[in-house]
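Colleague: Shown below is the structure under consideration.
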Amino acid sequence: MRRFIIRRFVFSLVSIVAATMAVFLLSRAAGDPLLLYATSGYGLTPESEAALRKRLALDRPIPVQYALWLGRTLKGDMGETIRDRKPVARVVTQRLPSTLHLGVTAFILSFVVGIPLGVLSAVKRGSVWDYAGRFVALLGQAVPQFWLGLVLIMLFAVKWQIFPAGLKGDGIWDVKHLVLPTITLASGGFAFYMRITRTAMLEVLDSEYVRLARAKGVGNNKVIWKHAFKNALIQPLTGMTLGLTFFLTGSVLVETIFAWPGMGEMAIAAVNSNDFPVLQGVVFFFVILFVGMTFITDLLYAYIDPRIRYD
Amino acid sequence: MAQQADIQSIDSEQQVVLNADIRASEKRSWSSQAFYFVRRWPLIPLIIMMGLLIAGVFAPQVAPADPIEQSLSFRNYPPTWGAARPEFNTPPDPADYDMLITKERSAFNRAKKTTFARTKYVLGADNLGRDVLSRVIYGARVSLKVTAYALTSGIIIGSMLGILAGYFGGWTDEILMRIVDVWLALPFILIALVIAQLFLTSGGAAERVVILLIALVAWTPFVRQVRADVLTIRGQEYVQASKIAGASAIRLIIKHILPGTYSTILVVASLRVGQLILTESTLSFLGAGIPDPIPAWGKSVADGRQFIEEAWWISFWPGFAIFLVVMALNFFGDWLRDRLDPRLRQLD
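Residue numbers (this note's numbering), protein chains in the order written: chain A, 29 to 339; chain B, 2 to 349.
Printed below as a string of C-alpha cells:
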C-alpha cells in the first residue's frame with residue numbers, strides 16, 4: 029500500500045513537470061520572448077536590451093530557464109504578465125474561484141443526474157426508460173459543446189430571453205448566469221457517468237450475491253439500493269478522473285462562449301496575445317488540479333475496493 | 002408453407018425454438034418490427050455515414066454552389082424554405098421590360114442575375130453571402146481528410162507501441178504505459194493552441210499541422226487496448242509452441258500476435274473516429290484549424306457567433322452536421338463493439 033502511494037505520487041510529479049515543460053518549450057519556440065516585452069527601435073538601446081535580457085534570465089540556456097521558472101513557481105512567484113505587469117500568480121488565482129465554481133456545479137449536476145439515470149436504465153433494462161436514457165446519453169456524448177452553448181444562447185437568451193447570454197453574476201448564488209454554462213459543461217460528463225453507471229449496475233445485478241439476496245426474499249428496492257448500488261458506485265467514482273478531462277477541456281470552451289471570467293477564458297486570451305507567463309500559470313494550475321484529482325481517486329479506488337492490486 | 006415443411010424435418014428441440022421465433026415475429030406489429038430492425042442493424046448511422054462519405058468525396062458535384070464565392074447582397078440571407086423574401090425569388094417577366102431598348106434589356110438581365118432558383122440557399126447564406134449548405138458539404142471534406150490521416154497514423158503508432166509494451170513487458174512496458182499516462186494528463190487543448198499559434202502564423206501547410214495535432218491525441222487508446230490483447234495472446238499455447246519451435250520475435254509478432262489484435266484495433270478505431278472529429282472541430286472553433294477561406298465545420302460555427310441574433314443558421318447547421326456525424330459514428334462503433342468484441346465494453 030505504501031509503495032503504491034509513493035509510486036503514484038512520483039508519477040504525479042513527473043506528469044506536472046512534463047506538462048509544464050512541454051508548454052515552456054513551446055512558448056520559447058514561438059520566437060524571442062524579449063520582443064514581446066520591448067521592440068528594439070523604440071528607444072531600446074543595446075545596453076538596456078542586454079540588461080532586460082539579464083533581468084528576465086533570457087540569456088541563459090532554455091533548460092536553465094525552465095529550472096529557474098520551476099524554482100520560482102514553487103516559491104509562489106510565477107513572474108509577471110506581459111501586458112500589464114501584474115504578478116501572474118495573483119491574476120491566475122483570482123480567476124481560479126470562478127472556474128472552480130462553474131466546474132464544481134457542472135460536476136455535481138452531471139453526477140446527480142447521470143448516476144440515477146444510469147441506475148434506472150439498468151434496472152429497467154430493455155424498457156422505454158432504458159432506451160430513452162441511452163439515447164440521451166448518446167446525444168450528450170456526440171454533441172459539440174461549443175455548438176450546444178450557442179444553441180442554448182440562441183433559444184434561451186436571444187429568442188425567449190429567459191437567461192443572460194454570458195458573463196458571471198455576483199456571488200455563488202447568482203443562478204441566472206450559471207444555468208446555461210452549467211448545462212453546456214455538464215452535457216458530456218452526464219452522458220459519461222450515465223453509461224458507466226449503467227454498465228457497472230448491469231454487471232452487479234447479474235452477480236451471484238445479488239441473486240442470493242433476491243432468493244432470500246429481499247425486497248426489490250433494498251436489493252437495488254443496498255446490495256447492488258453500493259458496488260456499482262465504485263466505477264463512476266473512480267471514473268471521475270476520466271470525467272474530469274471533460275470538465276477541464278470543457279471549461280476552456282464554455283468559458284470562451286459565455287464570457288465566463290475563469291482560467292480557461294484567460295488561457296485562450298493568453299494564447300492569442302502570446303502572453304506565455306500567463307499560459308504557463310494556467311497550465312500549471314490545470315495540471316495540478318488534474319493530477320491531484322487522479323492521485324486522490326487512485327487512493328480512493330484502493331480504499332473503496334480492496335480487490336485492487338497495488339502494482 | 003414450404004418454410005413450415007422445412008421446420009418439420011428439423012429435430013424437435015430446434016423446432017421448438019424456431020416456432021417460438023416465428024410466433025414472436027408474427028405477433029409483432031409492423032411498427033414494432035420496423036423498430037426491431039432499426040435497433041438491430043445500424044441503419045440510420047450507416048445512412049448518415051454514407052452521406053458524409055459522399056459529401057466529402059464528391060463535394061464539387063453535390064454542393065449546389067461554390068463554398069467560397071461571396072455575394073454581399075445576400076449576406077445573412079435566411080434559409081429559403083423558411084422566410085424567403087419574394088423580391089429575390091420571382092424571376093423578372095420579359096413583358097415588364099421593353100426589350101428593344103438596350104437600357105431596358107440590361108435592366109432585365111440584371112434582374113435575372115439577382116434572382117435564383119428557390120433551392121439556392123437551402124440552409125441560408127452566411128455573413129459574406131456564401132451558401133451555408135455548400136460550406137457544410139465542403140466542410141465534410143476537411144473533417145474526413147484530417148481524421149483519416151490522423152487516425153491512420155494513430156493506429157500505426159499506437160498498435161506498434163502496444164505490441165512492444167505487451168510483448169516485451171518489464172521496463173519497456175512500464176515506461177511506455179507511464180508515457181501514455183503522462184500524455185493523458187497534458188492539457189491538450191492549450192498545447193494544441195500554442196502549437197497552432199506557432200506554426201499557423203509562420204505560414205506553411207496548415208492542413209499538415211492540423212493533422213499532426215489530431216494525431217497527437219489519436220494514438221493513446223490503441224496502446225492500452227492492443228497491449229491488453231497482446232498480454233492474453235502471448236500466453237496462448239500456439240504462441241508458446243511456435244516460440245519453442247524457434248520462431249524469432251519478429252515472426253512471432255507479425256505472424257501470430259498481430260492478427261489476433263485486428264478486431265480490437267477495428268473496434269477502438271471506430272469508437273475513436275467520432276471523438277477525433279469532435280476534437281478537430283473544437284480546435285477549428287478556437288481558431289487552431291485550417292484557415293480561411295477553406296470551409297471547416299468548427300470554424301463556420303465560430304464565424305456565426307457574432308451574428309447569432311440575426312442569423313442563427315450560420316452557426317447552427319455546421320454544428321448540427323458535426324453532431325449528426327459524431328452520433329452516427331459513435332452508434333456504429335458501439336454496434337461493432339457488441340458484435341466483434343463485447344469484452345471491450347469497459348472502454349466507455
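Built from N, CA and C at the ideal position, the CB exists for glycine as well.
What are the complete alpha helix (DSSP H) segments, minimum 4 residues, inside the region 212 to 251 of chain B?
Modeller: Within the region 212 to 251 of chain B, the complete alpha helix (DSSP H) runs of at least 4 residues are 221 to 235, 238 to 245.
Colleague: Kindly indicate which residue of A:THR48, A:LEU261, A:PHE32 has the alpha-carbon position closest to the one of A:PHE304.
Modeller: The option with the nearest alpha carbon to A:PHE304 is A:THR48.
Colleague: Whole-angstrom Cβ separation of B:GLY125 and B:PRO79, contact assumed at under 8 Å?
Modeller: That belief holds up - the Cβ atoms of B:GLY125 and B:PRO79 are roughly 5 Å apart, short of 8 Å.
Colleague: Where do the ends of the alpha helix (DSSP H) carrying A:ARG223 lie?
Modeller: Unbroken alpha helix (DSSP H) run through A:ARG223: 203 to 233.
Colleague: Three-state secondary structure (DSSP) at B:GLU310?
Modeller: It is coil, neither helix nor strand.
Colleague: Inspect the CB distances between the region 189 to 208 of chain A and the region 237 to 252 of chain A and report whether three or more fall short of 8 Å.
Modeller: Cβ pair count under 8 Å is below three, so no.
Colleague: Which class does B:ALA64 belong to by DSSP, given the choice of helix, strand or coil?
Modeller: Coil at B:ALA64, not helix or strand.
Colleague: Determine the DSSP secondary structure at B:ALA126, reduced to helix, strand or coil.
Modeller: DSSP places B:ALA126 in strand when its eight states are reduced to three.
Colleague: Report all residues from its chain with a CB closer than 8 Å to the CB of A:TYR237; omit the five preceding and five following residues, and keep chain order.
Modeller: Taken in chain order, the residues that qualify are HIS255.
Colleague: Please list the terminal residues of the continuous alpha helix (DSSP H) segment that includes A:GLN173.
Modeller: Unbroken alpha helix (DSSP H) run through A:GLN173: 173 to 180.
Colleague: Which class does A:GLU108 belong to by DSSP, given the choice of helix, strand or coil?
Modeller: It is a strand residue.
Colleague: Below 8 Å between beta carbons is the criterion; list the residues of the region 187 to 217 of chain B that meet it against any residue of chain A, in chain order.
Modeller: Residues LEU187, PRO188, PHE189, ILE190, LEU191, ILE192, LEU194, VAL195, ILE196, GLN198, LEU199.
Colleague: For B:ILE266 and B:ILE156, which I take to be in contact (beta-carbon distance under 8 Å), what is that distance rounded to the nearest angstrom?
Modeller: Confirmed, Cβ separation roughly 6 Å.
Colleague: Run through chain A and tell me which residues come within less than 9 Å of B:LEU287, C-beta to C-beta.
Modeller: Simply PHE174, VAL280, LEU281, THR284, ILE296, VAL299.
Colleague: Report the neighbours of B:GLU175 on chain A: residues whose CB is nearer than 9 Å to its CB, in chain order.
Modeller: Those within 9 Å of B:GLU175 in chain A number zero; the least Cβ separation is about 10 Å.
Colleague: Could you check if B:SER107 is buried or exposed, using at least 16 other CB atoms within 10 Å of its CB as the buried criterion?
Modeller: Counting Cβ neighbours within 10 Å, B:SER107 comes out exposed, since fewer than 16 surround it.
Colleague: Chain A partners of B:THR221, CB-CB under 7 Å?
Modeller: Near B:THR221 there are no residues of chain A at all, since even the closest Cβ is about 12 Å away, more than 7 Å.
Colleague: For B:ILE190, count neighbouring Cβ atoms within 10 angstroms of its own Cβ and tell me buried if that reaches 16, exposed if not.
Modeller: The residue is buried, with at least 16 neighbouring Cβ atoms inside 10 Å.
Colleague: Closer than 8 Å is the cut-off here; do at least three beta carbon pairs connect the region 273 to 293 of chain A with the region 97 to 109 of chain A?
Modeller: These segments do not touch.
Colleague: Compile a chain-ordered list of the residues in the region 302 to 324 of chain B whose CB is closer than 9 Å to at least one CB of chain A.
Modeller: Result list: VAL302, ALA303, GLY305, ARG306, ILE309, GLU310, TRP313, SER316, PHE317, PRO319, GLY320, PHE321, ILE323, PHE324.
Colleague: By the 10 Å Cβ neighbour count, where 16 or more other Cβ atoms means buried, how is B:ASP230 classified, buried or exposed?
Modeller: When all chains shown are included, B:ASP230 counts as buried.
Colleague: Give the DSSP-derived three-state secondary structure of A:PRO91 in the structure shown.
Modeller: DSSP places A:PRO91 in helix when its eight states are reduced to three.
Colleague: When DSSP labels each residue in this structure, what does A:PRO115 get in the three-state scheme?
Modeller: Looking at A:PRO115 - three-state DSSP - the assignment turns out to be strand.
Colleague: Using DSSP with H/G/I as helix, E/B as strand and the rest coil, what is A:ASP158?
Modeller: Three-state result, A:ASP158: helix.
Colleague: Using a cut-off of 8 Å between C-beta atoms, extract the partners of B:ASP182 located in chain A.
Modeller: PHE39, SER43, listed in chain order.
Colleague: Keeping to the same chain, check which residues put their C-beta closer than 8 Å to that of B:THR221; ignore five residues upstream and five downstream.
Modeller: Closer than 8 Å at the Cβ level, and outside the excluded window around B:THR221, lie GLY159, VAL181, TRP184, LEU185.
Colleague: Please report whether the beta-carbon of B:SER144 lies at a distance below 9 Å from any beta-carbon of chain C.
Modeller: The structure shown has no chain C; the protein chains it does contain are A and B.
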